[in-house]
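Taking UniProt numbering, the leading residue of the sequence shown gets 1, the next gets one more, and so forth.
Positions of the beta carbon are idealized from the N, C-alpha and C atoms, including for glycine.
Owing to the predicted nature of the structure, the values given are computational and were not obtained by experimental measurement.
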Amino acid sequence: MMREADAAVLIGDAALRANLSEGPKFGLEVHDLGAMWKKWTGLPFVFAVWAARRDYLEREPVVTRKVHEAFLSSRDLSLDEVGKVAEQAARWEAFDQAVLERYFTTLDFRFGAAQLKAVAEFARRVGPTTGFSADVNVDLLTP
């Protein structure tokens with residue numbers, strides 16, 4: 001894809017490959033979207049969230065809380081055993097364990113005040129041009 005398109009936004013494995021091998025190999029310019037956003041706004045970039053609609057939470061509070069707790073437990077276990085996770089992932093990925101462990105430990109899984117501010121700033125900047133509201137209201141479900 002990187003050789004066929006004028007530009008691309010890549011995530012996950014494709015982004016890692018572009019950054020570590022394909023970019024340099026083919027002389028492509030590779031930029032880190034998170035680093036660019038941080039330089040531009042001073043805020044972290046939020047690539048993903050686990051979200052539930054408020055009406056679902058109100059209908060299914062027990063299920064929502066259990067799923068939330070399972071996500072947090074999974075995250076914590078994966079971070080506690082990141083070496084094992086990287087070792088397993090290296091069996092089917094094109095990257096060795098050390099590269100994957102370094103990658104996994106640079107990811108930030110927090111969603112606190114700075115991340116909330118970043119989401120609001122992103123909505124403020126792109127909402128009006130995309131048909132979405134520039135005003136975002138996010139409530140956090142606490143553990």
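- Pairing proline 44 with glutamine 88 gives a Cβ-Cβ distance that is not under 7 Å.
- With 16 or more neighbouring CB atoms inside 10 Å of its own CB, glutamate 101 falls in the buried class.
- Three or more Cβ pairs drawn from the stretch 10-23 and the stretch 94-113 lie within less than 8 Å of each other, which places the two stretches in contact.
- Per the C-alpha coordinates, the member of Leu140, Glu29, Phe47 positioned closest to tryptophan 37 is Phe47.
- By the neighbour-count criterion, in which 16 or more other beta carbons inside 10 Å mark a residue as buried, tyrosine 103 falls on the buried side.
- The DSSP-derived three-state label of aspartate 55 is helix.
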